[in-house]
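Here's the structure, in structure tokens; my notes come after.
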Amino acid sequence: MSGIDKMKNKAEELSGKGKESVGEATGDRDLQAEGKADQASGNLKQAGEKVKDVFK
1 MSGIDKMKNK AEELSGKGKE SVGEATGDRD LQAEGKADQA SGNLKQAGEK
51 VKDVFK
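The numbering of the sequence shown is the UniProt record's numbering, which starts it at 1 and goes up by one.
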């Protein structure tokens, strides 16, 4: 996994955690859901990169 891709995926995951926290604090369920979706997306991308690394 390239370092840049790893950082981008982690940033997406952390951004999602932030959105989810703000959504919880303000009672904004849409923002909360968007945060969870961003986290899931970041995690999936990281998993995909790890699978690619295994087959190199």
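Note that CB positions come from ideal geometry on N, CA and C, so glycine has one too. As the structure is a prediction and not an experimental result, all values here were calculated from the model.
Taking C-alpha positions only, Ala-37 is separated from Asp-5 by approximately 18 Å. Between the alpha carbons of Glu-13 and Val-51 lies a distance of about 18 Å.
Leu-31 sits away from Lys-17, with the two beta carbons spaced by 8 Å or more. In this structure, DSSP gives Asp-53 a helical state, which the three-state scheme calls helix.
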